[in-house]
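Counting from 31, one number per residue, gives the positions in the sequence shown under my numbering.
For each residue, glycine too, the CB sits at the ideal point set by N, CA and C.
Written below as structure tokens is the structure these notes are about.
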Amino acid sequence: MGDELQSWQSVFKSPSWQAYERLWLQINALQEVGKVDSLFDQITELERRLDPLFSTDGRDGNHLSLVKDLSYLLYDRLKSVEKRLRPSRRREPKPDWCRELSRSHQRVCAGLNILTFCQDRGLQFSFLQVELMPDFKRSVEIMLENQRQVASDPQLKNSSAGAESLEQVALTLVDLKPLMKELAKE
31 MGDELQSWQS VFKSPSWQAY ERLWLQINAL QEVGKVDSLF DQITELERRL DPLFSTDGRD
91 GNHLSLVKDL SYLLYDRLKS VEKRLRPSRR REPKPDWCRE LSRSHQRVCA GLNILTFCQD
151 RGLQFSFLQV ELMPDFKRSV EIMLENQRQV ASDPQLKNSS AGAESLEQVA LTLVDLKPLM
211 KELAKE
């Protein structure tokens with residue numbers, strides 16, 4: 031019992047664990063969607079650092095639980111940031127469809143990163159199906175509606191912001207097809 035306690039204490043004092051705590055705080059303080067990708071890079075790097083720390087004394091696999099928790103926390107923070115940033119329809123009589131398309135595209139890309147990250151690691155697929163997928167599918171629907179709005183307005187479609195957003199969405203839709211087919215099978 032004393033050896034096990036000492037072993038866990040060494041884990042909690044390690045630089046890798048301290049990196050986990052710092053990353054958890056950064057994710058919890060997330061204020062903008064644009065930082066999601068860099069936080070995912072940090073989670074991936076942390077996964078490599080935590081693996082050797084937990085691969086001793088029968089604790090193999092515990093690092094995946096920590097990585098999963100960070101991924102889910104990041105997804106929750108992303109949802110709350112998006113909700114906070116979403117403009118009130120009352121203040122804006124006619125939405126800026128290019129901006130709406132860009133925002134919804136960012137949200138879908140961040141959600142795609144989270145789903146792919148979790149799926150690649152085999153992290154609780156039932157959680158993905160029940161919790162993440164309905165929200166992700168709704169985000170895709172919103173993005174597609176915004177895409178239709180921009181594409182149907184010749185002035186927006188031919189503007190630099192509109193053309194760039196439409197091109198980015200088209201590329202993302204190509205990336206989405208395999209994931210959506212695979213998730214539909216499960």
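Ala-140: member of the alpha helix (DSSP H) spanning 127-150, first to last residue. For Ser-189, same chain residues with a beta-carbon under 8 Å away, outside a window of 5 residues either side, are Cys-128 in chain order. Cβ contact annotation for Ser-195 (same chain, cutoff 6 Å, sequence separation greater than five): Cys-128, Leu-131, Ser-132, in chain order. Here the C-alpha atom of Gly-64 lies approximately 8 Å from the C-alpha atom of Gln-136. Non-local C-beta neighbours of Asn-143 in its own chain, meaning closer than 6 Å and more than five positions away in sequence, comprise Phe-70, ordered along the chain. Unbroken alpha helix (DSSP H) runs of no fewer than 4 residues, entirely contained in the segment 40-68, are found at 45-58, following chain order. Judged by DSSP in its simplified three-state form, Asp-71 adopts helix. Linking Ser-46 to Ser-68 through their CA atoms gives a straight-line distance of about 18 Å. When Val-138, Arg-168, Ser-101 are compared, the shortest CA-CA separation from Ala-200 is found for Val-138. From the listed residues Asn-176, Leu-162, Phe-147, Arg-168, the smallest Cα separation to Val-97 is found for Phe-147. Here DSSP, grouped into helix, strand and coil, assigns Ser-169 to helix. By the C-beta density criterion, Ala-59 is exposed, having fewer than 16 other C-beta atoms within 10 angstroms.
Taking C-beta atoms under 8 Å as the contact rule, Met-173 and Ser-110 fail to qualify, at a distance of about 19 Å. The C-beta of Gln-185 has fewer than 16 other C-beta atoms within 10 Å across all chains shown, which makes the residue exposed. For the 7 Å CB-CB criterion, Leu-53 and Gln-72 form a contact. A direct Cα-to-Cα measurement between Tyr-50 and Gly-141 gives close to 22 Å. Ser-101 sits in a helix when the DSSP states are folded into three classes.
If you look at Lys-187, you'll find it in the alpha helix (DSSP H) that goes 184-188. Assigned with DSSP and collapsed to three states, Lys-211 falls in helix. Here Leu-108 is not near Val-170, since their CB atoms are 7 Å or more apart.
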